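S.K.:
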Amino acid sequence: MISIVGALFQLIFWLLVIAMIWFFFSKVLPKIKEYRQIWFGRFPRFNQALVVLTILIAVMVVAFNVWFWMMTNSFFEAFTGIFKGLLDTLFLFVLSAFFIPLGGGYYLQRKELKTLSQQPVYEEPEPVMERHTGDEDEKEQPQTLKVEPDPQAFEHLIDMEPAINVLKESLEFPIHHPELMEKYRIKPPTGLLLYGPPGTGKTTLARAASKYFGCSFFPVKAGELLSSAVGSSEEKLREVFDQAKSNRPSIIFFDEIDSIATKRDGSNMNRPSDVLLTPLLTELDGFDGREGVFVMAATNRLDVLDEAVLRPGRFDRHIKVDLPGLEGRKKLIRHFLFGRPVKDVDVDHWAQVFERKSPAWMEGIIDQAVIEAAKREGQGFKATGITNEDIRKACPDLVDNFVKKESNPQAFDRLIGMERPIEVLKEALEFPIKHPKLMDKFKIKPPAGLLLYGPPGTGKTALARAAAEYFGCAFFPVKAGELLEKWVGSSQENLRNLFKKARENKPSIIFFDEIDSIAMRREGGIESSNDQLLTPLLTELDGFEGREGVFVIAATNRKDTLDEAVIRPGRFDRHVEVSLPDLEGRKKLIRHFLKGRPVDRVDIDYLAEIFEERSPAWIQGIIDQAVIDVAKEEGRRGIEVKLTNQDIERIVRMQDQTET
1 MISIVGALFQ LIFWLLVIAM IWFFFSKVLP KIKEYRQIWF GRFPRFNQAL VVLTILIAVM
61 VVAFNVWFWM MTNSFFEAFT GIFKGLLDTL FLFVLSAFFI PLGGGYYLQR KELKTLSQQP
121 VYEEPEPVME RHTGDEDEKE QPQTLKVEPD PQAFEHLIDM EPAINVLKES LEFPIHHPEL
181 MEKYRIKPPT GLLLYGPPGT GKTTLARAAS KYFGCSFFPV KAGELLSSAV GSSEEKLREV
241 FDQAKSNRPS IIFFDEIDSI ATKRDGSNMN RPSDVLLTPL LTELDGFDGR EGVFVMAATN
301 RLDVLDEAVL RPGRFDRHIK VDLPGLEGRK KLIRHFLFGR PVKDVDVDHW AQVFERKSPA
361 WMEGIIDQAV IEAAKREGQG FKATGITNED IRKACPDLVD NFVKKESNPQ AFDRLIGMER
421 PIEVLKEALE FPIKHPKLMD KFKIKPPAGL LLYGPPGTGK TALARAAAEY FGCAFFPVKA
481 GELLEKWVGS SQENLRNLFK KARENKPSII FFDEIDSIAM RREGGIESSN DQLLTPLLTE
541 LDGFEGREGV FVIAATNRKD TLDEAVIRPG RFDRHVEVSL PDLEGRKKLI RHFLKGRPVD
601 RVDIDYLAEI FEERSPAWIQ GIIDQAVIDV AKEEGRRGIE VKLTNQDIER IVRMQDQTET
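Going by UniProt numbering, the letters in the sequence shown line up with residues 1 to 660, in that order.
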């Protein structure tokens, strides 16, 4: 009987061991592989020492229990000890892999509110997200000392494998095997051009290449070479090339090359930038990597570069540094969150939300979310770490695109004096959204597009957003003018992606604000730059209807300037006026804006009279400014001060003087 129990125990024991091994290789090991470049970059010696310690403990556990078995001849107790010891060892390994680095990151996060990484994944921010750390000048100094090649230099660059592979292929032989290049008469590339959207890491890629190949690095902001002093630009350029030749192997990197190398035509001859472009081309002519000096450049706008720059023998090898794909965005988000206290962050969701966004943009959003979490904790709330809501606050307009909400019957209640447009919107959208089957049954055609029109500041955007909330729709707000970009074809691609995302998240509302910026009346058949976006927009609207669960709303302050093709039936054919508030509406607005504020002798009827022909946004701005001035006065005098008619009238007079 004892032997049967022992055999059964051994069977259970080995099944558990197999289960543990399966769990380790299927669940734990993939995570280790995914994060290894981050762990060992952050805690190289600590992690290596902990791994060695774990292995030593495992060996000691097995050895001790084998010795115990030999001494006591107790097979059952020995295997129990081995099982328990290995289980503890596995726990120690998982602890070393996950919790200790995260704990260390949390400690530093509370102290300094910054990531543990001392070397960011991307160093090239978009203009709107640019952060000045105070050491930019130091970073731009050329690395004139010889540097040892760093085989791991590219490992911290995430989702850039295609560009890295082309760079390696272009520079490996000229730098490491110049004798073979000579033997086989292989001509190395004269110039390498990195191109792609802002914030994708072009500068960081070039810098990593210099470290990988052990080259001196000479970064140059092309626009900064232009100097008012005659001849100094050419002199600076020659100095850069002379220094690079004195410290070879070396890489000269021209950032924003388009600032000095845009296309030349009859309308822009004799530009200041031509003074520098000509000597640059002269330096490149007859120059190649056999001298040990390699020239790289970066641009966000490949299509605007002069043909003389791109022809063979100059910047003739082009490397695209594209926006990250879905998996790349997941890795980047994990990287930016690593070492920070995190709770309830859906990485997969945000990777979808951040489509067509650059790494620099994503890093800025995550940094802002960290600040939101830190503020919450600093105000005395319980520490929860970074949440989905923090990220949502960091980019509200974008996130609204993907956040589906329950319908809110009170969504329109906060809109004052807008009863008529609210009624029209409800009538237009109620049946298509809530009863689509009845629409099909009775062959009722829903509106293709709704056009909100009226003076500025009347609440057209707020009305569209409230409609999405009322009907529980995903909301896609778009500034129509912002769709126009400098890269050829990207505007149309953005538009197609917008409609695609709306269909994937239906029911949804696409809202084009300031539609007149891309849909103004065309005179005499003359095409403008806006036509490149207007035509595909009309194509999307043709044959498109709300039965697909996607509804299109647009807003304009200038309905009379819109092209007839936009407002004809089948497109934006239902027009909803959002007018200035009437007398009763102004009274309601004034009461609303004064609610909860210290007031004294405020005549609402009188204010409603002097606010005639004014928008809600204008009225709110006047009252807010008056309240701010009163608060300042109370702080200065040290006694309670209340808002009066005179305070508001004074702000109105000041505003009138400014407008005239």
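We treat Cβ as the ideally placed atom computed from N, Cα and C, and that holds for glycine. Keep in mind the model is a prediction, meaning the values are calculated, not measured.
1) Who are the Cβ neighbours of residue 344 in its own chain at under 7 Å, not counting the five residues just before and after it?
2) Under 8 Å Cβ to Cβ from residue 538, same chain only, skipping five residues before and after it: list those, please.
3) How is residue 318 classed by DSSP in three states: helix, strand or coil?
4) Rounded to the nearest angstrom, what separates residue 11 and residue 330 at their Cα positions?
5) Candidates 327, 282, 299, 521: which alpha carbon is nearest residue 318's?
6) If contact is defined by three or more beta carbon pairs under 8 Å, each pair taking one atom from either stretch, is the stretch 301-312 in contact with the stretch 198-206?
7) Leaving aside the five residues before and after residue 541 along the sequence, list all residues of the same chain whose C-beta is less than 8 Å from its C-beta, in chain order.
8) In the structure shown, what three-state DSSP assignment does residue 20 receive?
9) May I have a chain-ordered list of the alpha helix (DSSP H) segments no shorter than 4 residues that lie completely inside the UniProt domain "AAA+ ATPase" (446-582)?
10) Is the number of C-beta pairs between the stretch 171-187 and the stretch 331-350 that are closer than 8 Å three or more?
11) Is it buried or exposed, residue 175, if we count other Cβ atoms within 10 angstroms and call 16 or more buried?
12) Measure the Cβ-Cβ separation of residue 462 and residue 513 and say whether it is below 9 Å.
13) At a cut of 8 Å, does the stretch 452-469 reach the stretch 624-632 through at least three beta carbon pairs?
14) Let's see if you can read the secondary structure: which residues bound the alpha helix (DSSP H) around residue 440?
15) Given that a residue counts as buried once 16 or more other Cβ atoms are within 10 Å of its Cβ, and exposed if not, what is residue 263?
16) Near residue 502, which residues of its chain fall below 6 Å by C-beta distance, leaving aside the five closest residues on each side in sequence?
17) Is it right to say residue 346 is buried, meaning 16 or more other beta carbons lie within 10 angstroms of its own, or is it exposed?
18) Once you ignore the five residues that flank residue 657 on each side, which residues in its own chain have a CB closer than 6 Å to its CB?
19) According to DSSP, is residue 641 helix, strand or coil?
20) When burial is assigned at 16 or more other CB atoms within 10 Å of the CB, is residue 664 buried or exposed?
21) For residue 283, which residues in the same chain have their Cβ closer than 6 Å to its Cβ, ignoring the five residues on either side in sequence?
22) With DSSP run on the structure shown, which of helix, strand or coil describes residue 217?
23) How should residue 247 be labelled, buried or exposed, when 16 other C-beta atoms within 10 angstroms of its C-beta is the threshold for buried?
24) Would you kindly work out how many angstroms separate the C-alpha atoms of residue 166 and residue 158, rounded to a whole number?
25) Flag residue 243 as yes if its beta-carbon sits less than 9 Å from any beta-carbon of chain C, otherwise no.
26) I'd like the list of long-range same chain contacts for residue 302, defined as Cβ closer than 6 Å, with 5 residues on each side in sequence excluded.
27) Give me, in chain order, the residues of the same chain whose beta-carbon lies closer than 7 Å to that of residue 261; leave out the 5 immediate sequence neighbours on both sides.
28) Answer with buried or exposed for residue 587, where buried requires no fewer than 16 other C-beta atoms within 10 angstroms of its C-beta.
29) How far does the beta strand (DSSP E) with residue 194 in it extend, from its first residue to its last?
30) For residue 451 and residue 333, what's the separation of their Cα atoms in angstroms?
31) Evaluate the contact criterion for the stretch 640-654 versus the stretch 598-612: three or more CB pairs, one atom per stretch, below 8 Å.
32) Relative to the alpha-carbon of residue 352, which residue among 557, 599, 500 has its alpha-carbon at the smallest distance?
33) I'd like to check one pair, residue 254 with residue 212: are the Cβ atoms closer than 9 Å?
M.R.: The answer reads as follows:
1) Excluding sequence neighbours, residue 344 sits near 387, 388.
2) If we look at residue 538 and ignore the five residues flanking it on each side, its Cβ neighbours are 565, 566, 571.
3) strand
4) Going from the Cα of residue 11 to the Cα of residue 330 covers about 41 Å.
5) 299
6) no
7) 448, 449, 552, 570, 571, 572
8) Three-state result, residue 20: helix.
9) 460-471, 490-504, 531-541, 564-567
10) no
11) By the neighbour-count rule (16 or more Cβ atoms within 10 Å), residue 175 is buried.
12) no
13) no
14) Where residue 440 is concerned, the enclosing alpha helix (DSSP H) stretches over 436-441.
15) exposed
16) If we look at residue 502 and ignore the five residues flanking it on each side, its Cβ neighbours are 476, 508, 510, 550.
17) exposed
18) none
19) coil
20) Summary: the structure shown does not reach residue 664, with the chain confined to residues 1 through 660, and so no result is reported for it.
21) 241
22) strand
23) Answer is buried; the Cβ neighbour count reaches 16.
24) 15 Å
25) Here chain C cannot be found, since the structure has a single protein chain.
26) 195
27) 277, 305, 306, 309
28) buried
29) 191-195
30) 38 Å
31) yes
32) 500
33) no
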